[in-house]
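Working notes, structure below.
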Amino acid sequence: MKTSLKILGVAVVAALVMVVAVPAAEAPTAGTKAPDFTLKSQEGKTVSLHDFKGKWVVLYFYPKDFTQGCTIEAHNFQADQAKYDKANAAIVGVSVDSVDSHQQFCTKENLSFKLLADEKHEVVNTYGSTQKFGDNEVAARNTFLVDPQGTIRKVFLKVDPNPHSKEVLTALADLQKK
């Protein structure tokens with residue numbers, strides 16, 4: 002009986018180690034279908050990627066509301082909002098912050114585009130966009146440019162928030178010429 006319990010204990014520990022050791026998914030690549038998802042926006046409304054069918058989507062992941070780099074990146078996207086509108090592109094930000102945090106961030110920073118709350122880390126994991134921030138796991142600063150048919154056309158990994166909106170606009174213009 003003791004031997005059976007020891008074997009069972011070892012099996013449970015081994016199973017837990019295997020679960021913990023499983024790495025997050027890798028980021029989807031250009032040319033693949035963008036994984037669909039449904040999350041809540043800063044207004045508390047349900048938003049899915051497929052809601053944007055027929056539009057380009059700038060799906061950007063960022064670490065944390067109210068932090069310096071994230072605020073710069075959001076301001077730059079907001080400053081270029083009219084250019085994205087003209088290019089038939091929606092800006093959609095995703096972080097692991099709460100709906101309430103997003104609402105406060107949008108109000109304080111005058112942001113008009115959607116910020117989605119991925120508190121369970123499901124979408125950031127699906128898009129291979131996680132990183133450590135102290136003792137916490139947050140979204141990595143990655144962006145996926147999705148075409149109107151739902152295909153990822155360009156991937157930006159570990160972006161610099163300062164020039165990023167301009168880089169995305171340039172890539173969007175190039176892709177729309179093709």
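Heads up: the sequence shown begins at 2 in the working numbering, then just goes up one per residue.
Note that the Cβ used here is the ideal one computed from N, Cα and C, for glycine as well.
Measure from the C-beta of D119 to each C-beta in chain B and report whether the shortest distance is under 8 Å.
Protein chain content of the structure displayed is limited to a single chain, and chain B is not contained in it.
Drop a sphere of 10 angstroms on the beta-carbon of H165, count the other beta-carbons inside from all chains shown, and report buried for 16 or more, exposed for fewer.
Within the sequence shown, residue 165 is the residue found at index 164, counting from 1. Classification for H165: buried.
Close beta carbons around H122, own chain, < 8 Å, minus the five adjacent residues each side
The sequence position of residue 122 within the sequence shown is 121, counting from 1. Excluding sequence neighbours, H122 sits near V97, T131 and E138.
Test item: CB-CB of Q43 and L116 under 8 Å:
Here residue 43 is taken as the residue at index 42 of the sequence shown, counted from 1. Here residue 116 is taken as the residue at index 115 of the sequence shown, counted from 1. Going by C-beta atoms, Q43 is nearer than 8 Å to L116.
Bridge partner(s) assigned by DSSP for V100
Taking the sequence shown and counting its residues from 1, one reaches residue 100 at position 99. According to DSSP, which records beta bridges pairwise, V100 is partnered with nothing at all.
Below 6 Å CB to CB, which residues in the same chain sit around S5 once its five sequence neighbours on both sides are set aside?
If you number the sequence shown from 1, residue 5 lands on position 4. Summary for S5: the model assigns pLDDT 48, below 50, so the residue's position carries little reliability, and this model does not support an answer.
Specify the secondary structure class of P24 as computed by DSSP and reduced to three states.
By one-based count along the sequence shown, residue 24 stands at place 23. Below a pLDDT of 50, predicted positions are generally treated as unreliable, and P24, at 40, falls in that range; no measurement from the model is reported.
Note down the Cα distance separating I92 from F78, rounded to an integer number of angstroms.
Position 91 of the sequence shown holds residue 92. Position 77 of the sequence shown holds residue 78. One C-alpha to the other measures close to 8 Å.
Tell me K133's beta-bridge partners as DSSP assigns them.
Start at 1 with the first residue of the sequence shown, and residue 133 comes out as number 132. In DSSP, K133 forms a bridge with E138.
In or out: D66 buried (at least 16 other Cβ within 10 Å) or exposed?
Along the sequence shown, one-based indexing puts residue 66 at 65. Answer is buried; the Cβ neighbour count reaches 16.
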